[in-house]
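Scroll down for the structure; my scribbles are underneath it.
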Amino acid sequence: MKTFANANARDMQHAVALAEEAHRDGRETAFAGGGSDLLAQVKDGVVAPDLLVNLKAVPALDQVVSSAGGVAVGGLITLDALGRHPEIRSRFTVLAEAAGTVATPQIRNLGTLAGNVCQRPWCWYYRNGFQCYKAGGSQCFSRAGENQLHAILGGGPSYIVHPSDTAPALVALDATFRIVGPEGERTLPAVDFFVLPRQNPARENVLGNEEVLAGVELPAPPAGLRSTYVKIMDREVWTHAVVSAAVALDMNQDECRAARIVLGGVAPVPWRVPEAEQLLVGQRITPVLARQVGEAALAQAQPLSKNAYKVPLTTEVVERAVLALATQA
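So for the sequence shown, this note's numbering puts the first residue at 334; every next one is plus one.
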């Protein structure tokens, strides 16, 4: 493993300045909050930073602060703290549930919200030194290779799946992301933060080399919001989602006024399915309708040679989540 230097940032602007200075000197940098995914990448030889910009000393980036009816969540809040936070659990349940499913308790005590959102793909080709699209090569080896856990929606030229549990929840909640970089601070909707491989094979989001995700803002939920996160893993500990669904329904008693359904584990980005959502609007949710919604969510799926099982599995996950919310007291 390559030797690297460490620099503690006083605030986010200082962190960006440290990265800018290093890049001017021709040195590679990486930002570290919890650092669990970064450490794995360094060990695997995926990245080799010369300078690690440590964000842990930046004050107040691990807080949940109420603002104009919604909340602002610092990017350095740990997944454990996020999942246990009373306001997040009561008002933004899907996010608390998603945070609570990540990896193991040990990793949730260390890993951060920003780190989970920005983690790199766990495709075995990418992580094991193959010169694939994600590593700057010219082909996706999974397309004709080991693709059991790869994309069935939105794939090409790379078929990775986005590994974050919290990202689909944030898109379902219509969150806004706060980004700090050399030009100052900017915000954008969560759905616009993520990019498909056809837009940029080398990255999964819009962050530049000297930009960092500082936090997210959650708008005030409607009075009838019900939300949940359902995740299927190939074993019960530490793994990422084989498939998942973040579902948020605005209910007026037993009628759905609005819906947001975002799939995880099936696409290179958190995958929203507006056609399925629209089936719910203005309707009383029945088992038959929930099944139709699940099928509509996967209508555009294009499985690879070894992952067609994800289609019925995801259909079932969406159906289960919708029905659970419809019958919630």
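Ideal Cβ positions, reconstructed from N, Cα and C, are used throughout, including at glycine. This structure is a prediction, so every number in the text was calculated from the model and none was measured.
Just to check my reading of the structure: residue i and residue j have Cβ atoms closer than 8 angstroms, yes? What is that Cβ distance to the nearest angstrom?
i    : j    : result
V549 : E537 : No, V549 and E537 are not in contact; Cβ-Cβ is about 16 angstroms, not under 8 angstroms.
G378 : G462 : 6 angstroms
A352 : V386 : 6 angstroms
P607 : D583 : So it is not a contact: roughly 15 angstroms between Cβ atoms.
T411 : G444 : 7 angstroms
A623 : I594 : Not confirmed; about 11 angstroms, so no contact.
G416 : L394 : The pair is not a contact, with the Cβ atoms about 18 angstroms apart (cut-off 8 angstroms).
V614 : A632 : Wrong, their Cβ atoms sit about 17 angstroms apart, outside the cutoff.
Residue i: buried (16+ other C-beta within 10 angstroms of its C-beta) or exposed?
i    : result
V391 : buried
R357 : exposed
D525 : exposed
D498 : buried
Y466 : buried
L612 : buried
P522 : exposed
P534 : buried
R441 : buried
A508 : buried
P496 : buried
G359 : exposed
V516 : In the sequence under discussion, the amino acid at residue 516 is Glu, which differs from the Val named in the question. By the neighbour-count rule (16 or more Cβ atoms within 10 Å), E516 is not buried but exposed.
N449 : buried
S471 : exposed
R568 : exposed
G402 : exposed
N640 : buried
A431 : buried
So which of the options has the shortest CA-CA distance to residue i?
i    : options                   : result
V563 : R441, Q346, P501 and Q616 : P501
S491 : E479, S475 and A505       : S475
Q635 : K467, E628, P515 and V644 : V644
E544 : L394, N341 and Q346       : Q346
A436 : Q452, F425, D507 and G488 : Q452
S399 : L551, L622 and A574       : L551
G489 : I594, P601 and R568       : P601
D344 : L388, A381, T362 and T336 : L388
E518 : V599, A348 and A535       : A348
V513 : N542, V614 and C589       : N542
I493 : V406, R424, K376 and L637 : L637
R511 : Q532, H418, L540 and A553 : L540
A414 : D567, P438 and T660       : P438
Kindly list the residues whose CB is nearer than 6 angstroms to the CB of residue i, restricted to its own chain and excluding five residues on each side of it in sequence; keep chain order.
i    : result
D587 : R617
R422 : A429
P382 : F337, E361, T362 and A363
P667 : Here the chain has residues from 334 to 662 only, and residue 667 is not among them.
A574 : K564, G597 and G598
P419 : none
Q464 : G470
Going along the chain, which residues of its own chain have a beta-carbon closer than 7 angstroms to the beta-carbon of residue i, five neighbours each way excluded?
i    : result
A654 : T561, V563, A578 and V580
P620 : L656
G487 : L529, A600, P601, V602 and W604
V380 : A363 and Q374
Could you name the residues of the same chain whose beta carbon sits closer than 8 angstroms to that of residue i, not counting the 5 residues immediately before and after it, in chain order?
i    : result
V427 : A502, A505, L506, S560, T561, Y562, A579, V580 and A581
A365 : L371, L385, V386, N387, L388 and K389
A447 : G366, G408, L409, V545, L546, A547 and G548
A342 : A348, L351, V386, N387, L388, A390 and V391
L646 : I565, V575 and V576
G478 : Y458
Consider the C-beta atom of residue i and the heavy atoms of the ligand FMN; say whether any pair is separated by less than 7 angstroms.
i    : result
V606 : In the structure shown, the ligand FMN is absent, as is every other ligand, since no ligand is present at all.
Can you confirm whether residue i, when its beta carbon is compared against all beta carbons of chain B, has any partner nearer than 8 angstroms?
i    : result
R343 : Among the chains of the structure shown, chain B does not appear; only one protein chain is present.
Contact between the segment 561 to 578 and the segment 639 to 651 (3+ Cβ pairs under 8 angstroms): yes
Stretch pair the segment 471 to 488 + the segment 443 to 459: three plus CB contacts closer than 8 angstroms: yes
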